[in-house]
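Encoded as structure tokens, the structure appears first; notes follow it.
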Amino acid sequence: MNPNPSIGWGVLMLGLILQTTAFAQANIRLTNAAARNVLSYNYIPANYQAVQVIDHPDSIAQLLQAQISADSLRFFLERLTSFGNRNSGSDTSTATFGIGAARRWAHDLLLGFSRAHDDRLQVGYLEFDLQICSTPRHRNVVAVLPGTDLTAQGFVLIEAHMDSRCAVLCDTSCSAQGADDNGSGCALVLELARVMSAFSYHRNVVFMLTIGEEQGLYGAKAMSDYATLESMPIKAVLNNDVVGGIICGQTSSAPSCPGAGQIDSLNLRLFSFGGFNSTHKQLARYNKLQYKEMLLPHVAVPMTMHIMTPEDRSGRGGDHIPFRQAQFTAMRFTSANEHGNAAVGPGYNDHQHTSADSLGADTDLNGNIDSLWIDFNYLARNTAINGNAASMIALGPETPEFTAALLPGNAAEITLTTQLQYGHYRVGIRTASNDWDSVYTIAGPIDTIYGLPGVQTIIFSVASIDAQGVESLFSYELYQTTTAASEPTVVQLLSNRPNPFDEATQITVVLTTPIAYQAAYIQITDLVGKEIDRLQLDLKVGVNEAAFQHGYHASGVYLYSLVIDDKVYATGKMVMQ
22 MNPNPSIGWG VLMLGLILQT TAFAQANIRL TNAAARNVLS YNYIPANYQA VQVIDHPDSI
82 AQLLQAQISA DSLRFFLERL TSFGNRNSGS DTSTATFGIG AARRWAHDLL LGFSRAHDDR
142 LQVGYLEFDL QICSTPRHRN VVAVLPGTDL TAQGFVLIEA HMDSRCAVLC DTSCSAQGAD
202 DNGSGCALVL ELARVMSAFS YHRNVVFMLT IGEEQGLYGA KAMSDYATLE SMPIKAVLNN
262 DVVGGIICGQ TSSAPSCPGA GQIDSLNLRL FSFGGFNSTH KQLARYNKLQ YKEMLLPHVA
322 VPMTMHIMTP EDRSGRGGDH IPFRQAQFTA MRFTSANEHG NAAVGPGYND HQHTSADSLG
382 ADTDLNGNID SLWIDFNYLA RNTAINGNAA SMIALGPETP EFTAALLPGN AAEITLTTQL
442 QYGHYRVGIR TASNDWDSVY TIAGPIDTIY GLPGVQTIIF SVASIDAQGV ESLFSYELYQ
502 TTTAASEPTV VQLLSNRPNP FDEATQITVV LTTPIAYQAA YIQITDLVGK EIDRLQLDLK
562 VGVNEAAFQH GYHASGVYLY SLVIDDKVYA TGKMVMQ
């Protein structure tokens, strides 16, 4: 996670670039030729066939739940923290200290997983040249599990950043164990590589540990650039950053935990970019749906997944962002609670970006850690959620296109226009929140759904279902209004979504035909009319959105009004909680 939320993200990134490099990543290459060929779809799937093929979705979901081990995760994290300092500019020559030793250990561990599963996992480094903390060359650790179907284009990427840091950005000698930020995410990726390399998927699955995240998301940027330059399609990116801690610090980047010392091992935050018609939000919804339908029946401790409004915590960023910027679908998993907001300085006593980000404390001073900061059972549950979602994407069919038409009596006709070969499809219905209100199953290519919510606006999206019952990723979203045809409205101000909301909400304006205007904006006021914020709009035909962030821990009611050329067109009420 990137530092200091007290300054703007653009200013922060510019400052980091000036500190660390004058050039973009160069000479990007994947050291394993077989892995390169697999990602370029220049390989023979039969050469990577498992001796024992495990490819049924139900079997995979249950085996993930059964085989992911809290003990295994702890072993990986203990080894990662043992390297002392994993700063991107730290030592690369010794066998026991620094980023070089850590990534060689991870590389060899992944090779061991490959040997245990018919040598299918292709392990290597993604090398690139860039001056980061006085070090000119860097390496992500990459392992590629070849898919069984060359026609199933787009690989699934499960990632976490391996680098750690202390208060000073390029301090390469401090104790920077980085247990939660982000050893926890690395342990998750390694555990999934261990378990999932026994399974067979239609699509390629890639496990990656990046570097340079703390200095500017550079390792992720190198991979997104490489995939773009080499025309390697990416289906989905699941980024894991701070996924093992359950204790709230004195500080925490909003939207996060309620107060110092609070414990939460039952909730998980899903961050992604955009609002209406965002493929990234659709990916987050898909992850939650797959958990509810595939894993939840088999778990002992249920988890609640929250689809967050913003792309990341306030003023912060992670390795999913370069992929989104390169037009790849991406999202981030993060614990409900964080121990700190990385605003290191006088009075900052939390763990994040300090030497205190360790496995735990030796409270009785006997030389052994007896009070853990990382909850490995919680981390195991988050690992299973990741693995299940990645598995269903890697197994699933192709996403269809469709049209939707509202019918009298709270019904709608859904017409599939592509991917007509599947017998059944899912229809996601969304109204006032970031999540689907309900998901229907229909028979294609034309079917009618009944019992829709009796609200002004409904948002539809669809997915294919294959013969084994696996959904594809969901399609684009279509917005439909229930406004009667006898009452045409050129401009509509819709209810903000979500409402009530966490730390941010999307306010939507729908324009049915072009209009001439000089200035348009959303005005946010309190109940006595005092202006709180003004969100500028560039109105175009279709759906227009503006994001309002009130900051975490705020509560109460605000009004929002659509103002065009100083005329108030409509006003709505938003509830903060």
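Letter by letter, the sequence shown follows residues 22 to 598 in the numbering used here. Backbone N, C-alpha and C define an ideal beta-carbon position, used for all residues, glycine too. Model, not experiment: these values are computed from the prediction.
On the criterion of 16 or more Cβ atoms from any shown chain inside 10 Å, does residue i qualify as buried, or is it exposed?
i	result
Ser221	buried
Lys594	exposed
Pro418	buried
Thr41	Because the pLDDT at Thr41 is just 38, under 50, the model does not fix this residue reliably, and the value given afterwards should be weighed accordingly. Buried, because 16 or more other Cβ atoms sit within 10 Å of the Cβ of Thr41.
Lys313	exposed
Gly430	exposed
Arg215	buried
Thr12	The structure shown has nothing for residue 12, since the chain only spans 22 to 598.
Pro323	exposed
Glu566	buried
Tyr247	buried
Leu37	Only weak support is given to the placement of Leu37: the predicted model assigns it a pLDDT of 42, under 50, and the value that follows is read from those uncertain coordinates. Under this definition Leu37 is a buried residue.
Glu600	Only positions 22 to 598 of the chain appear in this structure, which leaves residue 600 out of reach.
Tyr538	exposed
Leu416	buried
Thr384	exposed
Arg224	buried
Using only alpha-carbon positions, find the residue among the options that is nearest to residue i.
i	options	result
Thr502	Cys154, Ala541, Phe481, Glu422	Phe481
Glu359	Thr534, Glu524, Ser286	Ser286
Ile414	Ile255, Leu556, Thr375, Gly295	Ile255
Leu515	Leu166, Leu532, Arg100, Ala541	Leu532
Ser493	Pro421, Asn389, Ile232	Pro421
Ile479	Ile450, Gly110, Ile545	Ile450
Pro157	Tyr538, Tyr461, Gly110, Asn409	Gly110
Leu437	Ala410, Asn407, Asp468	Asp468
Met229	Thr355, Val177, Ser103, Val491	Val177
Val460	Asn106, Val483, Leu132	Val483
His128	Phe118, Gln143, Thr117	Gln143
Leu10	Ile435, Ile284, Arg402	Absent from the model: residue 10. The displayed extent of the chain is 22 to 598, so no value can be given.
Leu147	Leu171, Leu583, Thr52	Thr52
Asn48	Leu250, Gln477, Trp394	Leu250
Pro474	Leu151, Leu427, Val491	Leu427
Thr375	Val578, His445, Ser196	Ser196
Gly361	Asn517, Ala281, Thr534	Ala281
Phe397	Ser356, Met315, Ile153	Ser356
Ile543	Ile528, Tyr446, Pro535, Phe297	Ile528
Leu132	Leu211, Cys187, Ser185, Ile120	Leu211
Asn308	Ser293, Asn298, Phe297	Ser293
Arg107	Ala173, Leu190, Phe134, Gln152	Leu190
When DSSP builds the beta bridges, which residues end up paired with residue i?
i	result
Glu566	Thr529
Leu291	Ile328, Phe354
Ala433	Leu427, Ile470
His159	Phe149
Gly266	Ile395
Tyr222	None; Tyr222 has no bridge partner.
Gln557	Tyr542
Phe228	Ala164, Ile179
Thr478	Thr502
Asn106	Ala197
Ile486	His445, Glu492
Glu552	Thr546
Ser627	Outside the shown range of the chain, which is 22 to 598, sits residue 627, and nothing can be said about it.
Ile255	Phe176
Asn261	Phe354
Phe522	Met597
Here's a check: name, in chain order, each residue in its chain whose Cβ is nearer than 6 Å to the Cβ of residue i, leaving out the five neighbours to either side.
i	result
Phe344	Ser245, Val258, Ala351
Leu310	none
Leu304	Ala257, Thr350, Met352
Tyr471	Ala432
Ala55	Gln143
Asn288	Thr325, Ala357
Take residue i and list the residues in its own chain whose beta-carbon comes closer than 8 Å to its own, dropping the five residues that flank it on each side.
i	result
Leu580	Ile545, Thr546, Asp547, Leu548, Thr592, Gly593, Lys594, Met595
Ala411	Val177, Ile179, Leu213, Met217, Val226, Ala257, Leu259
Val320	Gln86, Arg402, Ala405
Thr102	Gln198, Gly199, Ala200, Gly204, Ser379, Leu380
Might you give, ordered along the chain, the residues of its own chain that have their beta carbon closer than 7 Å to the beta carbon of residue i, omitting 5 neighbours on each side?
i	result
Asp378	Gln198, Gly199, Ala200, Asp201, Asp202, His372
Leu98	Ala200, Gly204, Ser205, Ala208, Leu380, Ile395
Is there at least one non-hydrogen atom of the ligand SAH closer than 6 Å to the beta-carbon of residue i?
i	result
Lys256	For the structure depicted, the ligand SAH is absent and the ligand set is empty, with no information on it obtainable.
So, does the segment 197–207 touch the segment 138–151, judging by three or more C-beta pairs under 8 Å? no
Stretch pair the segment 224–243 + the segment 328–348: three plus CB contacts closer than 8 Å: yes
Between the segment 162–182 and the segment 328–335, can you find at least three pairs of beta-carbon atoms closer than 8 Å? no
For the segment 61–78 and the segment 90–109, state whether three or more C-beta atom pairs, one from each stretch, are separated by less than 8 Å. no
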